[in-house]
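Read top to bottom, the protein sequences are chains Z and R. 1263 is the number of the first residue of the first sequence in this note's numbering; add one for each residue after it. 4 is the number of the first residue of the second sequence in this note's numbering; add one for each residue after it. Glycine included, every Cβ here is placed at the ideal spot set by N, Cα and C. Below is one structure, written out as structure tokens; the observations come after it.
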Amino acid sequence: MFPAEFDYERAASVGEALDAINEHADADVEILAGGHSLVPAMKTEGRSPDVVVDLDVPALDAINALSDRTVVGALTTYATIADSKAVRANAPLLAETAAEVGDLQIRNRGTIGGNLAEAHPGADLPAAVLASDAIVLLRHRDGKREVPATDFFRGDGETAVERDELLTGVRIPHTDDAGVAYAKKTHPATGYAMVGVAAVVEVDDGDGAAERTVSGARVAATGAVDRAVRLPSVEDALAGEPLEEGTIEAAAGEAQADIEAEKLRSDAYASGEFRAELLSTYTARALESAAERVADDPPTA
Amino acid sequence: MATHDITLTVNGAAESLTVESRTLLVHALRDDLGYTGPNVGCESGKCGACTVEVDGDAVKSCTILAVQTDGSDVRTAAGLADEGLDPVQQAFHDEHGLQCGYCTPGMLATTHQLLDENPDPSRAEIRTALKGNVCRCTGYGNIVDAVETAADRLAETDDESEARADAPELEAED
Ligand SMILES: Cc1cc2nc3c(=O)[nH]c(=O)nc-3n(C[C@H](O)[C@H](O)[C@H](O)COP(=O)(O)OP(=O)(O)OC[C@H]3O[C@@H](n4cnc5c(N)ncnc54)[C@H](O)[C@@H]3O)c2cc1C
Ligand code: FES
Ligand code: FES
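This is the structure:
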């Protein structure tokens, strides 16, 4: 299997890549990052760009850990993210989720920028960036745009990235006193998530009170519908409640409340109905793990 | 037709070649350069038969454009040992970690990266690392045995070389 013919250009900087996109304004241009969605799609799914612009920009393969946020460059691979001490310490949900993508070889090549720009409905990282309240960083020839993750995913393969824009990175705010977890039911054929749920559970230590309260939670699901989505009903059921089993059970019970049944994805492995069941189960698992981890952290007295 | 002149180091040898934009690394290696270590299985990034190491990372060469790897250092299964079999290959042989052998070059490339990063993996870690390498023959048990054996032997060799390195110092104390 070969892709159809195309012109290949290598861009060594963000500016060069943007120039190339603009220069070929009338052509079908694709950015090439890790190529692990694009190359298969060019072989078998009829994606047939005239020009492929290979992002070969070291500055985008970087992780910048700041005091209150971590910025991950678009070309950072899953393997680098999962192994990064800085990401594990400051954005542990992203590290845990990156380690769940595909397999070892895929993780060596695929990039966070490509994963988000491709917006496959079963991709893992969208759930993590949504639950992290991350900001997606975009560049065009005349400036920058910052799009909250909650406004980034628009549908299967559809995002806020405009034709003349480049995704340059993701900014993840740090969350103190939180437990995080990603729970994934892997699709047996594709490796993507049949359903994946990312959770951030923040606690309020109060004034040394024995009982800890959930001060806020962010929960996002991938795989269920045509894009990754937040689950506000689950989040609301957690906020202000004591951190205990009953709360988590009740919150997980809300998992299907924000999903329209007719929009559930279905295929030979899992009907929409089954995906809805998985959504409840994996929401419960993600919340349980997140709660356990926050419980393991001694309260900061 | 867009073509590109690229250079690669393959198993230590410098190679120059001209590829089309769309030429996949696996075809450049096999058809243009004659390195038949990587096999072509699924052609869609799933089976791992085409796995090679590029700059030390195990990657699926059916899902990478050759032109993307311009200037890279590529190692195929055939480049693992200067002569004979390297410890991982020998372990696959001893533990019957292969039958038809089609998946083996890819298994070896992934195993090399695993053992570089985690010299003493558990059986579960071995299975996780080899998730992207499909074998249609062995049922995987022997493959996991082979990786364990390879890890044990590599650890012994490390111990021996440490012992040797210490020896001159002991002598010098006299
Ligand atoms: C066998 C297999 C299993 C997989 N399993 C999983 C899985 O379990 N979970 C998962 O999440 N994914 C999975 N994937 C997909 C993989 O993670 C891809 O790497 C990812 O979807 C795309 O990232 P990439 O860097 O390879 O992007 P590419 O394939 O290079 O690009 C994808 C798309 O994004 C655009 N793009 C890329 N970078 C940018 C940028 N910086 N700015 C603007 N546009 C850009 C490209 O133009 C293209 O349209 C799997 C893939 C394979 C082949
Ligand atoms: S041939 Fe490359 S992964 Fe199957
Ligand atoms: S030995 Fe035949 S495919 Fe693995």
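Beta carbon of residue i nearer than 7 angstroms to that of residue j
i: S1310(Z); j: A1266(Z); result: yes
i: A1548(Z); j: V1463(Z); result: no
i: E1473(Z); j: P1504(Z); result: yes
i: E1497(Z); j: V1481(Z); result: yes
i: V1363(Z); j: R1369(Z); result: yes
i: G1485(Z); j: A1455(Z); result: yes
i: C140(R); j: Q102(R); result: yes
i: A1514(Z); j: A1546(Z); result: yes
i: D73(R); j: T12(R); result: no
i: E1427(Z); j: H1402(Z); result: yes
i: L1337(Z); j: A1379(Z); result: no
i: G51(R); j: N136(R); result: yes
i: A1411(Z); j: V1391(Z); result: yes
Cβ of residue i within 7 angstroms of any chain R Cβ
i: P1302(Z); result: yes
i: A1563(Z); result: Interpretation of A1563(Z) is limited by its pLDDT of 43, a score under 50 that renders its predicted location unreliable; no figure is taken from the coordinates.
i: N1377(Z); result: no
i: M1456(Z); result: no
i: E1497(Z); result: no
i: N1326(Z); result: no
i: Q1518(Z); result: no
i: H1382(Z); result: no
Residue i Cβ short of 6 angstroms to ligand 1 heavy atom set
i: T12(R); result: no
i: E1380(Z); result: yes
i: N145(R); result: no
i: G1502(Z); result: no
i: V1246(Z); result: With chain Z covering only 1263 through 1563, there is no way to say anything about residue 1246(Z).
i: D1386(Z); result: yes
i: E1292(Z); result: yes
i: N1352(Z); result: no
i: K1305(Z); result: no
Any C-beta of chain Z under 7 angstroms from that of residue i
i: G135(R); result: yes
i: G48(R); result: yes
i: R25(R); result: yes
i: D35(R); result: no
i: D179(R); result: Any property of residue 179(R) remains undetermined from this structure, which presents chain R solely from 4 to 177.
i: D60(R); result: yes
i: T54(R); result: yes
i: A127(R); result: no
i: A132(R); result: yes
i: T114(R); result: no
i: A5(R); result: yes
i: V70(R); result: yes
i: R66(R); result: Contrary to the premise, residue 66(R) reads as Thr rather than Arg in this sequence. Closer than 7 angstroms to some Cβ of chain Z, the Cβ of T66(R) qualifies, so yes.
Close Cβ partners of residue i (< 7 angstroms) along its chain, the five nearest in sequence each way excluded
i: V29(R); result: P41, V43, C53, S64, C65
i: A1348(Z); result: I1325, A1327, T1332
i: Q92(R); result: L83, A84, L111
i: Y1270(Z); result: V1314, D1316
i: L157(R); result: P90, L118, P122
i: T1543(Z); result: none
Ligand 2 heavy atom lying under 6 angstroms from the CB of residue i
i: K1447(Z); result: no
i: A1390(Z); result: no
i: A1564(Z); result: The requested residue 1564(Z) is not part of the displayed model; chain Z covers only 1263 to 1563.
i: G40(R); result: no
i: A52(R); result: yes
i: G1453(Z); result: no
i: E46(R); result: yes
i: V1481(Z); result: no
For residue j and residue i, believed in contact at Cβ under 8 angstroms, the rounded distance
i: A1360(Z); j: R1350(Z); result: Wrong, their Cβ atoms sit about 10 angstroms apart, outside the cutoff.
i: T113(R); j: L1366(Z); result: 6 angstroms
i: G1478(Z); j: A1552(Z); result: Wrong, their Cβ atoms sit about 12 angstroms apart, outside the cutoff.
i: T154(R); j: P124(R); result: Thr is not the amino acid found at residue 154(R); the sequence shown has Ala there. Confirmed, Cβ separation roughly 6 angstroms.
i: A1396(Z); j: I1434(Z); result: 5 angstroms
i: I1293(Z); j: V1334(Z); result: Contact doesn't hold; Cβ gap of about 17 angstroms is too wide.
Chain-order list of residues whose beta-carbon lies under 8 angstroms from that of residue i (same chain, five-residue window excluded)
i: S1275(Z); result: V1319, A1321
i: V1476(Z); result: V1463, E1464, V1465, D1466, L1500, A1501, G1502, E1503, P1504, L1505, T1509
i: N14(R); result: Y38, V77, R78, T79, A81, G82
Nonlocal neighbours in the same chain, by C-beta distance under 6 angstroms from residue i, ignoring five residues either side
i: A31(R); result: V22, A69
i: D1404(Z); result: none
i: D1418(Z); result: P1383, D1488
i: D58(R); result: S75, D76
i: M1304(Z); result: P1265
i: H1449(Z); result: M1456
Contact test: residue i Cβ vs ligand 3 heavy atom, cutoff 6 angstroms
i: Q102(R); result: yes
i: R1573(Z); result: Past the boundaries of the shown model lies residue 1573(Z); chain Z is included only from 1263 to 1563, so the question cannot be answered.
i: R139(R); result: yes
i: C106(R); result: yes
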